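Scroll down for the structure; my scribbles are underneath it.
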Amino acid sequence: MSTEDPDEAARRLAAVSLAADDPTGWFERLYAAAAEGAAVVPWDRGAPHPLLVDWADGRELGGKALVAGFGPGFDAEFLAARGMATTAFDISPSAVAAVEARFPGSAVDYRTADLLDPPPQWRHAFDLVVEVMTVQSMPPPFHPPATASVAGFVAPGGTLLVIAVVADTAPEDGPPWPLTRAEIQAFAQDGLNPVAVERLEQRWWRAEFRHG
């Protein structure tokens, strides 16, 4: 098992990818290293994000859900357990292999896909789209196209939930590259309108948008 700080390891791998003009290639390197016991995925909380759980509490969920950048898979499994037909994607094939091993027989449809070039059939196809700290994992120049992709997944009448770290200062070397209020508000495109934009515990954004 690696003794390197997980966040520092992620930044080191990201720096290599960014130097090669590849903003997302470091995810596969990280998950592949984690599979070999040579790294730890820093955002593996061992549970669904508590702000997602809190948001879902008391709501009637149904229909089709999409989790963008599923990471360890707990958010997707949570939505599936709540009765949603859940698809979840990550750019890393090793991440897909890891969740399939972690959740054998899962009802979630795990896919390998690129947020910056998603399958066209996903456009306006999902009743609930959940984005937890995925856009912020890319450098700021990639936030607008990633945000547009996320917004484009939501079906008419559907909902987008975004959870991200608050950017209080000028961007620093990431990852992550936290989101400003303006970047959160930018999800209100492609037919989406804000329902609630919350700043919680001074550190987190939780924003809900509805299509139409």
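Numbering (the working numbering), first residue to last: 661 to 872.
Idealized CB from N, CA, C, for every residue including glycine.
Please read all numbers here as calculations on a predicted model, not as lab measurements.
In its own chain, which residues sit with a C-beta less than 6 Å from the C-beta of residue i, not counting the 5 before and 5 after it?
i, result
"Ala707", "Phe734"
"Ala692", "Ser754"
"Ala867", "Val822, Ile844 and Val857"
"Phe802", "Pro683"
"Phe813", "Leu726, Trp782, Phe786 and Val789"
Can you list, in chain order, the residues of its chain whose CB lies under 7 Å from that of residue i, leaving out five sequence neighbours each side?
i, result
"Met661", "With a pLDDT of only 49 at Met661, under 50, the local geometry of the prediction cannot be trusted, and the value read off the model is given with reservation. Excluding residues within five positions, the ones whose Cβ falls inside 7 Å are Gly697."
"Asn853", "Phe869 and Arg870"
Which same chain residues, not among the five before or five after residue i, have their C-beta less than 8 Å away from its C-beta?
i, result
"Val756", "Asp750, Tyr770, Arg771 and Thr772"
"Thr807", "Val795, Glu843, Ala846, Phe847 and Gln849"
"Gly765", "none"
From this set, the options, which residue's C-alpha is nearest residue i's C-alpha?
i, options, result
"Trp616", "Phe869, Phe687 and Pro816", "Because residue 616 is not part of the residues shown, which for the chain are 661 to 872, the question remains open."
"His784", "Thr819, Ala767, Val792 and Arg762", "Thr819"
"Gln862", "Pro778, Asp828, Pro804 and Phe730", "Asp828"
"Trp837", "Ala824, Val855 and Ser766", "Ala824"
"Ala815", "Ser797, Ser752, Gly851 and Pro799", "Gly851"
"Arg841", "Gly834, Trp865 and Val855", "Trp865"
"Val826", "Arg705, Leu860 and Leu711", "Leu860"
Indicate the three-state DSSP secondary structure (helix, strand or coil) for residue i in the structure shown.
i, result
"Ile823", "strand"
"Thr807", "helix"
"Glu737", "helix"
"Val768", "coil"
"Pro800", "helix"
"Leu726", "strand"
"Pro778", "coil"
"Ala707", "coil"
"Leu721", "coil"
"Gly812", "helix"
"Glu858", "strand"
"Met661", "Only weak support is given to the placement of Met661: the predicted model assigns it a pLDDT of 49, under 50, and the question is left unresolved by the model."
"Trp865", "strand"
"Arg742", "coil"
"Asp873", "The question about residue 873 has no answer, for the chain in this structure spans 661 to 872."
Since residue i is in the alpha helix (DSSP H), which residue starts that stretch and which ends it?
i, result
"Arg841", "Arg841 to Gln845"
"Trp686", "Gly685 to Ala695"
"Pro702", "Careful: Pro702 lies outside any alpha helix (DSSP H) and carries neither H nor E."
Would you mind giving the Cβ-Cβ distance between residue i and residue j, rounded to the nearest angstrom? I have them listed as a contact below 8 Å.
i, j, result
"Val810", "Val789", "6 Å"
"Ala736", "Val768", "5 Å"
"Leu721", "Met744", "5 Å"
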